[in-house]
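Single-structure report; data block below.
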Amino acid sequence: MCTTITADQEVFGQNVGNFGKLTPKMHNYRESILDAKPYVDPERAILTTEAYKKYQDQQVDIIRARVLEHVLENMTIYIEKDTLLAGNQASHNRWAPVFPEYSMNWVIDELDTFEKRSGDVFYITEEAKKELREIAPFWKHNTLEDRGYASFPPQSRLFYDLGLIGADGNITSGDGHIAVDYEHVINNGLVSYEKRIKELMKQLDLTDIKQQKKLYFYQAGLIVINAVRGFAERYADLAEEQAAQTIEKKRKNELREIARILRKVPYQASSTYQEAVQAIWLTHLVLQIESNGHSVSYGRLDQYLDPFYERDIVSGRITAEKATELLTNLCIKTLTINKVRSWAHTEFSAGSPLYQNITIGGQTKDGRDAVNPMSYLILNAIVQAHLPQPNLTVRYHHGLSDHFMRQCVEVIKKGLGMPAFNNDEIIIPSFIKRGIKKEDAYNYSAIGCVETAVPGKWGYRCTGMSFVNFPRTLLIVMNGGKDPESGKQLLPNYGHFTRMKSYAELIASWNKSLREITRQSVIIENSCDLALEQNYPDILCSVLTEDCIGRGKTIKEGGAIYDFISGLQVGIANLADSLAAIKKLVFEEHRITAKQLWQALQDNYQGEGQESIRQMLINEAPKYGNDIDEVDQLIVDAYQPYIDEIAKYKNTRYGRGPIGGFRYAGTSSISANVGQGHSTLATPDGRFARTPLAEGCSPEHALDVDGPTAVFKSVSKLNTKAITGGVLLNQKMSPQILRSAENCEKLVMLLRTFFNRLHGYHVQYNVVARETLVDAQNNPDKHRDLIVRVAGYSAFFVGLSKETQDDIIERTEQTV
Amino acid sequence: MTIKQGTDKTRKGLIFNIQKFSLNDGPGIRTVIFFKGCPLRCAWCANPESQRKKTEKMFDEVKNCSTIVGKYKTVSELMKIIMQDKDFYDESNGGVTFSGGEVLFQAPFAIKLAEAIKARGIHLACETTGFAKPEVFNEFYKYMDLVYFDCKQWNPVLHKKGTGGTNELILKNMQTLVASGRKYCIRIPVIPHFNYTNEDAKQFGKLFRKIGVTEVELLPFHQFGLKKYTELGREYELKNVAQLHAEDLLEYQKRLQEAGVKVKINGW
Ligand code: SF4
Numbered sequence: 001m002c003t004t005i006t007a008d009q010e011v012f013g014q015n016v017g018n019f020g021k022l023t024p025k026m027h028n029y030r031e032s033i034l035d036a037k038p039y040v041d042p043e044r045a046i047l048t049t050e051a052y053k054k055y056q057d058q059q060v061d062i063i064r065a066r067v068l069e070h071v072l073e074n075m076t077i078y079i080e081k082d083t084l085l086a087g088n089q090a091s092h093n094r095w096a097p098v099f100p101e102y103s104m105n106w107v108i109d110e111l112d113t114f115e116k117r118s119g120d121v122f123y124i125t126e127e128a129k130k131e132l133r134e135i136a137p138f139w140k141h142n143t144l145e146d147r148g149y150a151s152f153p154p155q156s157r158l159f160y161d162l163g164l165i166g167a168d169g170n171i172t173s174g175d176g177h178i179a180v181d182y183e184h185v186i187n188n189g190l191v192s193y194e195k196r197i198k199e200l201m202k203q204l205d206l207t208d209i210k211q212q213k214k215l216y217f218y219q220a221g222l223i224v225i226n227a228v229r230g231f232a233e234r235y236a237d238l239a240e241e242q243a244a245q246t247i248e249k250k251r252k253n254e255l256r257e258i259a260r261i262l263r264k265v266p267y268q269a270s271s272t273y274q275e276a277v278q279a280i281w282l283t284h285l286v287l288q289i290e291s292n293g294h295s296v297s298y299g300r301l302d303q304y305l306d307p308f309y310e311r312d313i314v315s316g317r318i319t320a321e322k323a324t325e326l327l328t329n330l331c332i333k334t335l336t337i338n339k340v341r342s343w344a345h346t347e348f349s350a351g352s353p354l355y356q357n358i359t360i361g362g363q364t365k366d367g368r369d370a371v372n373p374m375s376y377l378i379l380n381a382i383v384q385a386h387l388p389q390p391n392l393t394v395r396y397h398h399g400l401s402d403h404f405m406r407q408c409v410e411v412i413k414k415g416l417g418m419p420a421f422n423n424d425e426i427i428i429p430s431f432i433k434r435g436i437k438k439e440d441a442y443n444y445s446a447i448g449c450v451e452t453a454v455p456g457k458w459g460y461r462c463t464g465m466s467f468v469n470f471p472r473t474l475l476i477v478m479n480g481g482k483d484p485e486s487g488k489q490l491l492p493n494y495g496h497f498t499r500m501k502s503y504a505e506l507i508a509s510w511n512k513s514l515r516e517i518t519r520q521s522v523i524i525e526n527s528c529d530l531a532l533e534q535n536y537p538d539i540l541c542s543v544l545t546e547d548c549i550g551r552g553k554t555i556k557e558g559g560a561i562y563d564f565i566s567g568l569q570v571g572i573a574n575l576a577d578s579l580a581a582i583k584k585l586v587f588e589e590h591r592i593t594a595k596q597l598w599q600a601l602q603d604n605y606q607g608e609g610q611e612s613i614r615q616m617l618i619n620e621a622p623k624y625g626n627d628i629d630e631v632d633q634l635i636v637d638a639y640q641p642y643i644d645e646i647a648k649y650k651n652t653r654y655g656r657g658p659i660g661g662f663r664y665a666g667t668s669s670i671s672a673n674v675g676q677g678h679s680t681l682a683t684p685d686g687r688f689a690r691t692p693l694a695e696g697c698s699p700e701h702a703l704d705v706d707g708p709t710a711v712f713k714s715v716s717k718l719n720t721k722a723i724t725g726g727v728l729l730n731q732k733m734s735p736q737i738l739r740s741a742e743n744c745e746k747l748v749m750l751l752r753t754f755f756n757r758l759h760g761y762h763v764q765y766n767v768v769a770r771e772t773l774v775d776a777q778n779n780p781d782k783h784r785d786l787i788v789r790v791a792g793y794s795a796f797f798v799g800l801s802k803e804t805q806d807d808i809i810e811r812t813e814q815t816v
Numbered sequence: 001m002t003i004k005q006g007t008d009k010t011r012k013g014l015i016f017n018i019q020k021f022s023l024n025d026g027p028g029i030r031t032v033i034f035f036k037g038c039p040l041r042c043a044w045c046a047n048p049e050s051q052r053k054k055t056e057k058m059f060d061e062v063k064n065c066s067t068i069v070g071k072y073k074t075v076s077e078l079m080k081i082i083m084q085d086k087d088f089y090d091e092s093n094g095g096v097t098f099s100g101g102e103v104l105f106q107a108p109f110a111i112k113l114a115e116a117i118k119a120r121g122i123h124l125a126c127e128t129t130g131f132a133k134p135e136v137f138n139e140f141y142k143y144m145d146l147v148y149f150d151c152k153q154w155n156p157v158l159h160k161k162g163t164g165g166t167n168e169l170i171l172k173n174m175q176t177l178v179a180s181g182r183k184y185c186i187r188i189p190v191i192p193h194f195n196y197t198n199e200d201a202k203q204f205g206k207l208f209r210k211i212g213v214t215e216v217e218l219l220p221f222h223q224f225g226l227k228k229y230t231e232l233g234r235e236y237e238l239k240n241v242a243q244l245h246a247e248d249l250l251e252y253q254k255r256l257q258e259a260g261v262k263v264k265i266n267g268w
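Top line first, the protein sequences correspond to chains L and D.
Here the first sequence is numbered in the UniProt record's numbering, starting from 1 and rising by one per residue.
Here the second sequence is numbered in the UniProt record's numbering, starting from 1 and rising by one per residue.
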C-alpha cells in the first residue's frame, strides 16, 4: 500500500474552485468601470460651500444635516445601462468628490500636480480647477485641518510636522473606519429611526441645556433621514423616466423594478433580497457622500443578507445566479467610490483604497459556525468581479469546515490578495476581556483591513488613529533625543548611543522615550477628535450607530455603545532586527563600535568600509521572523512600553456613555511603511535611508529564511492579546506551489495551526508571480486589472507609484 | 575539533539541511532532516552535495560566495529545531522525515534521534535507498511510521553500474519491510538510459509481484541538481539528458500496471 496522501477532491465536494462567471451585463458594467478615468470632481465641493453659506447661523448638527441634504437634492445622478442597483457618488463613476470642509489647502496647492503624480494619478479639467479656486477663499482657516492644527499644542505640533507621528487621515477626514447597523436598516428601514427620534423628541425638557442640545441632533437626524428618502425618490423618478424611453422589454422591466424598489427602500424595511441589496448600497453610498472617511465597511454581509436570500429562494423569486449577479453588481458599485487624498496622505494609502470591507464566516452569537449559503455566494461574487474592492475578510474559527477553508484557498489562488483571515479564537476573548458583551463580541466584523469592531455599535476608528514610526524613534533615541535630520530636540536627552556602555542602557532610554512619544500621539489624536466633535459631526453615520439616538449624541460626543480606538505602530520588524544587530554585534561581540555604527547610519552606509558593516548587520545578527527567541523577545520587550502607556490614556468619549473609552495598540501599517520609510534615515538593521519599512508585523522581506511556520511562530510571540487594534501579517506564496490540491490542503493546515494553536490575529496571502508583476510594470495596458495585496488591502498594481511597485516586486517570491 | 567530536557515531550526526514546512515528504506539515553521506553514487543524483560523509565547500559563481555544506549536530540541537514546529505537526498529523544522502549511512545516530522523536509522540518517516546490512535496517525501520523506499533497478548488474552498488541488500531489506506490515511507499526514480525502457517496467512489475509490493510511485528524472555539480566543481554525466515529465511515463506506467501493480506518477 502506498501511503502518500493524494489530493482528495472528493472530501471537499465538487464545488471547490468553481466560482462561475460574470453575467454579460455585469461583464460590460465592470469593463465600463475599469475604463473610467479618475477625475477630481468639484460638484460636491460647490454644493457644500453653498449650503455652508446658507446655513451659517445654524447649530452645527443642523448645518451638517443641511449640507448633506443640499448635496443629495442637487448632485448629478445617473443609472448606468448595465446596472441593477442605483446610486452614484460623484458626477461620473470613479470621479472623486472634494470634501472642502475637512481640508482644502492641499486641494488648491495640488491642482496642477494631480495629473503628474507618480502613482494614484487623478485628472482634472481646467473648468474644475477654476471652480475650486473660486470657493477656496471661503474655506481659508475654516476647515477641519485648519482647526486641528490650531488646536495642537506647540510641542506636539513639532512631532506632527516632522512626520514622526502621522495623522494626515485624522485631520483631513470625517467619520470612517466604521460599519453601521445595516442589519437594522434592511429589516426595519430608516423609518424606524425616524419614529424613535420623534418619540424621544417629545420627551425632551428644553429648560435643560443638555436636552436642548439633543434637540439639534434629533432635528438633524430627521433632516438626513428625509434627505436619504428624497435621494432614493430621485433615482426612482429617473428609473421611471428611463423606463419610459426604453424599448427593449427586459431593460424596461428592470428599470421599473429599480423604481419600485427605490420608492420603498431604504426608508422602509426591505422585503426582498434585491430590495435589501439596494437599501444597503444606497445607505453605504450616502455615508460616503456625507463624509470622506475611508474604511466604511459592510460588516457581516452574509449574516444579515442570508435570510432575505433564503426566503426569496424558497418563494421562487430568485435564483442563486441572480443573487450572485446582484452581489457582483454591489462589488462593482463599491469600486466606483473614490477618494482623492493629499499627496502626503497618499503615501500612507497607495492605490487609492477605500477599504470597504465585507466580512463573512465566523460564528453566530451563540457560537455555532455561521457559514451559510450567502457566504459561498459572496466568495463567488468576489472572484467573478475580480476587483480590489470590496475588501473581503473571512472570520476564522476552529469549527470552520474544511470545505469552506478550501474554497477560501481557491479564492486566494486567484491572486486577489483575498480573503484575509481574522481569528475568532483570539479576537472574541480579547473583546470580552475588554468589557464587550458576549453576544456582541461574537458578532464582530473586520473594519477596513485587519482591525475589528462590533458593527453598528462601535464608534469610529477602532484603528486608524495616528501612526508612530518605531525605527525613526529608535534613531532619535540613539541620537540623544534629537531628530538626526532636522536637529530638533524632540525628546529628553538620555545620552548618545556612541557613549552607551550596554544594550540595557539603550533600552532604558528607548522605554522612557517611547512613552513620551506615545503621550504626544495621544495629544495629537485628541486635538483632531476635539475639532471633529465641535465642528464636523456626521449625522447619518451617528443615527445609524447605536445608541446615538438613545443618548441624543453624535458618535464623537459619546453616542456609541462601544468606543475603543487604536493607532498604528509602523516598522515592527525593522525595530526588531535593529535591536538584535545592536545587541549582538555592538554590545556582546564587539564586532563594531557604537561610533562606527552611528557613523555608518549617518553616511547611509556609503562611506568606506560601511558596506561590509551593512552586510554584517544583515547576515550575522538573528532576524525576526525565523522563530529565534532571542530576537523575537527583543521586539516583544521593546513594544511593551507602548502597549502599557497607550492603555493609560482615555479617548475624548471616556465617561460620556460608551463602554470603553480607551486605547490599545495595533500594527496594521497599511502602506504607511512606504511613506514613513521615506522620512527615515538608514537604520541599524542594514536598511538604507528612505527605503520602505517592513509592513504590519510581517518580517522584513527576504529575511524570513526559515519558511512560513517560523514566521507564524515569531509573529505569535507578540503580545497579541493586548494588540487588539490588529496584528497585520502579509504572507506571500508562489502560484506554482498552490497548483497541487495537496499543497492547498497543507495551506489550510498551516492556517489552522496558526489560528487554533498559536492564536494568530490575522493573515493574508499575496499569490502572484514576480514575473507577472515585472511584466505589468513594463506593459501596464496588458495588466490593467492585475491586483496585488499592499498591506491590509488590495489595489490595482498599475495604478501604484513606481516606488510602491518596486517594493511589492522586491517582496514577491521568484517562482522556481 | 568539531569534526573529531563528530566521529563519535552516536553523539553527533552530519546534517546538511533542515527544512521546515516541507511539502512533499509525507503527510501533513513536516520538518525534513537531511543526513549527509551516501554509500551509493547514482549518476543522476540531484543532491550531489549529500554524497560525501564529510563537510565540503560549495561555490556559487553568481553570488561569488562559498558555503560550507554539512554541520555536525547533536540530538538535542536537532530536537530543539524539530520541537519548534510541534504545534504544526499536531494540527496537521504531520511530523518529521529523515532524508539524505542516505540516512542508514549514519544509522546509530539516526536511531538515537528517532528515539527522541518517538518519545515526543511525533510521526516519523524516512526516505531511504535501503542500502545497508539487514541487521542495521531491521533495527532502524522499526522507529519509522512510514518508509519511502527507493528501488532503482531490478537488475543487479545494471544497478551496480548506475549507482556503484548492487541491489542485493536493497531487495532483501525491501522484502523485510513489505512483510513487516509497516506503512511504506516504494518509489522508482525513472532515469533515461538506466531504467526507462518498457522492458524495465515489465521486469520491475515481476519483481514487485514476487515481493508483494502492490503500489509504487514513479519519480520522473529532473535536472534540479545541475547547478550544484558546478558549485561543487564536479563532473555531471547526465548534463545533456532531457528531463522527463509525467506524460512521458504513461506507457511505462501502463506496463507496470499490467503486472498488477498500482502506479502513481509524482510528476512536477
Ligand atoms: S542514493 Fe540518493 S543520495 Fe545517494 S547517490 Fe543515489 S540519488 Fe544520491
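Glycine included, every Cβ here is placed at the ideal spot set by N, Cα and C.
- In terms of side-chain proximity, the C-beta atom of Thr163 of chain D is found nearer than 8 Å to a non-hydrogen atom of the ligand SF4.
- In this structure, the CA atom of Ser22 of chain D is about 40 Å from the CA atom of Thr334 of chain L.
- Against chain D, the beta carbon of Asp302 of chain L has no neighbour under 8 Å; the closest one sits roughly 26 Å away.
- Under the Cβ distance rule, Phe21 of chain D counts among the residues neighbouring chain L, one pair being separated by less than 9 Å.
- Look at Phe137 of chain D: its beta carbon is at least 8 Å from all of the heavy atoms in the ligand SF4.
- Taken atom to atom, the span from the alpha-carbon of Thr680 of chain L to that of Thr667 of chain L is near 18 Å.
- Contact between the stretch 208-220 of chain L and the stretch 55-64 of chain L is established, with three or more Cβ pairs separated by less than 8 Å.
- Between Leu758 of chain L and chain D, the shortest Cβ-Cβ separation is below 9 Å.
- A residue is called buried once 16 or more other Cβ atoms fall within 10 Å of its Cβ, and Asp60 of chain D, having fewer, is exposed.
- For the C-beta of Asn743 of chain L, the chain D residues within less than 7 Å are, from N- to C-terminus, Leu23.
- The continuous alpha helix (DSSP H) containing Met749 of chain L extends over residues 741-752.
- Our two residues, Lys54 of chain L and Gly174 of chain L, have alpha carbons roughly 21 Å apart in a direct line.
- Legend: CB atoms of the stretch 215-247 of chain D lying less than 8 Å from CB atoms of chain L belong to residues Glu215, Val216, Glu217.
- Asp706, Gly707, Pro708, Thr709, Ala710, Lys713: these are the residues of the stretch 686-713 of chain L whose beta carbon lies less than 7 Å from some beta carbon of chain D, given in chain order.
- The ligand SF4 has a heavy atom closer than 8 Å to the beta-carbon of Gln51 of chain D.
- Remark: C-beta atoms of Gly567 of chain L and Gly725 of chain L approach each other more closely than 9 Å.
- Not a single C-beta of chain L is nearer than 9 Å to the C-beta of Phe131 of chain D.
- If you ignore the 5 residues before and after Lys198 of chain L, its C-beta comes within less than 6 Å of no other C-beta in its own chain.
- Annotation for Phe109 of chain D: the continuous alpha helix (DSSP H) segment containing it runs 107-119.
- Residue side-chain check: Glu102 of chain D places its Cβ nearer than 8 Å to a non-hydrogen atom of the ligand SF4.
- From the listed residues L:Ile723, L:Leu474, L:Gly607, the smallest Cα separation to Leu164 of chain L is found for L:Leu474.
- Within the same chain, Cβ atoms closer than 7 Å to the Cβ of Leu238 of chain L are found at Ile77, Ile79, the five residues on either side in sequence being excluded.
- Listed along the chain, the chain D residues whose CB falls inside 8 Å of the CB of Arg752 of chain L are Glu91, Ser92.
- Chain L places no beta carbon closer than 9 Å to that of Phe194 of chain D, leaving this residue out of the contacts.
- Interface residue (Cβ-Cβ distance to chain D less than 9 Å): Met749 of chain L is classified as such.
- When distances are taken from the beta-carbon of Ala320 of chain L to the heavy atoms of the ligand SF4, even the shortest one reaches 8 Å or more.
- Against chain D, the CB of Asp627 of chain L has a partner CB under 9 Å away; the residue lies at that interface.
- The residues Arg551, Lys553, Gly558, Gly559, in chain order, have a CB closer than 7 Å to that of Gly657 of chain L in the same chain once the five nearest residues on each side in sequence are set aside.
- If you check each beta-carbon in the stretch 68-89 of chain D against every beta-carbon of chain L, the ones closer than 8 Å belong to Gln84, Asp85, Asp87, Phe88.
- Residues of chain L with a Cβ closer than 9 Å to the Cβ of Ile29 of chain D are, in chain order, Thr709, Lys746, Met749, Leu750, Thr753.
- At the C-beta level, Glu251 of chain D and Ala201 of chain D come within 9 Å of one another.
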